[in-house]
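First up is the structure itself, then whatever we jot down about it.
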Amino acid sequence: MSGKVVFITGGNRGIGLELTKAFAADPANTVIASARDPSKATELQSLSNVHKVYPFLLKKSTRVISFTSSLAGSIGGFFEASSSGYGGSKAALNHFTKLLAYELRDEGFTVIAVHPGVVSTDMGNATVPRFGEDTRKAMESLIITPEESAESQLKLLLGLTKEQSGKFLSYTGEELPW
Ligand SMILES: NC(=O)c1ccc[n+]([C@@H]2O[C@H](COP(=O)([O-])OP(=O)(O)OC[C@H]3O[C@@H](n4cnc5c(N)ncnc54)[C@H](OP(=O)(O)O)[C@@H]3O)[C@@H](O)[C@H]2O)c1
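The sequence shown begins at -8 in our numbering and counts up by one.
Dropping the structure here:
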């Protein structure tokens, strides 16, 4: 499953950087990664088959859009943690995912929202300690590295089926409640 054209936002660090590296490890893939300040994105710049321009994903017949969401945005899978602003924004992203999957269905797009796991990035490391004791302990037991998250997401994305379009999925592939 190589020869993909992949576009990744926030590709300079964290999960975005690891996903970029995971896809770029196959030289047959064309990876386009964005960064707010490319001059500081030194690790990203060092990857040889990562492109800075957007060469029309529409050129490919396999069309996948994966939005990085969070379990914090799930209403059905609500867990007790105070994250209304963040969780609300991810719930809006989840709704957007569902609508876009509907709107792009005739163009052959598979559109999904993905919970990347509890990941030891700048954001994850800063967030987990802020929760109350019970939630913090539960989250700490789930922590994975950015590399683990990216590897699992790569597997998920390369194995996606059209039937999964419009779904909210964990990085493990498990379907999550909206
Ligand atoms: N880590 C977790 O446990 C976890 C769990 C669930 C969901 N997520 C989601 O995973 C995604 C990646 O998070 P991460 O853990 O990899 O975080 P991270 O290591 O802190 O990296 C965040 C990335 O997003 C970029 N970014 C932040 N604000 C932006 C903005 N306003 N416009 C454009 N780019 C922006 C950053 O660019 P700069 O370097 O320019 O700031 C950086 O590339 C996020 O959507 C997060 O909500 C993470």
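Positions of the beta carbon are idealized from the N, C-alpha and C atoms, including for glycine.
Please report whether the beta-carbon of residue i lies at a distance below 8 Å from any beta-carbon of chain D.
{"i": "residue 3", "result": "In the structure shown, chain D does not exist; there is a single protein chain."}
Looking at ligand 1, does it come within less than 7 Å of residue i, judged from the CB to the closest heavy atom?
{"i": "residue 85", "result": "no"}
{"i": "residue 22", "result": "no"}
{"i": "residue 112", "result": "yes"}
{"i": "residue 125", "result": "no"}
{"i": "residue 99", "result": "no"}
{"i": "residue 129", "result": "no"}
{"i": "residue 66", "result": "no"}
{"i": "residue 109", "result": "yes"}
{"i": "residue 6", "result": "yes"}
{"i": "residue 59", "result": "yes"}
{"i": "residue 157", "result": "no"}
{"i": "residue 27", "result": "yes"}
{"i": "residue 1", "result": "yes"}
According to the neighbour-count rule (16 or more other Cβ atoms, all chains shown, within 10 Å of its Cβ), is residue i buried or exposed?
{"i": "residue 64", "result": "buried"}
{"i": "residue 2", "result": "buried"}
{"i": "residue 0", "result": "exposed"}
{"i": "residue 31", "result": "exposed"}
Near residue i, what residues of its chain come up, given a Cβ to Cβ distance below 7 Å and the 5 sequence neighbours on each side ignored?
{"i": "residue 169", "result": "65, 66, 67, 85 and 159"}
{"i": "residue 164", "result": "147"}
{"i": "residue 167", "result": "62, 65, 68, 106, 159, 160 and 161"}
{"i": "residue 127", "result": "119 and 120"}
List the whole-angstrom C-beta distance separating residue i from residue j, where the pair is believed to meet the contact cut-off of C-beta under 8 Å.
{"i": "residue 156", "j": "residue 92", "result": "5 Å"}
{"i": "residue 8", "j": "residue 35", "result": "6 Å"}
Residues in its own chain within less than 6 Å of residue i by CB, not counting five upstream and five downstream?
{"i": "residue 44", "result": "With a pLDDT of 46 at residue 44, under the threshold of 50, the modelled position of this residue cannot be trusted; read the value that follows with caution. Nothing listed; no residue qualifies."}
Using a Cβ-Cβ cut-off of 8 Å (strictly less than) and excluding sequence neighbours within five positions of residue i, which residues of its own chain qualify?
{"i": "residue 52", "result": "99"}
Unbroken alpha helix (DSSP H) runs of length 4 or more, entirely within the region 41 to 116: which are they?
75 to 94
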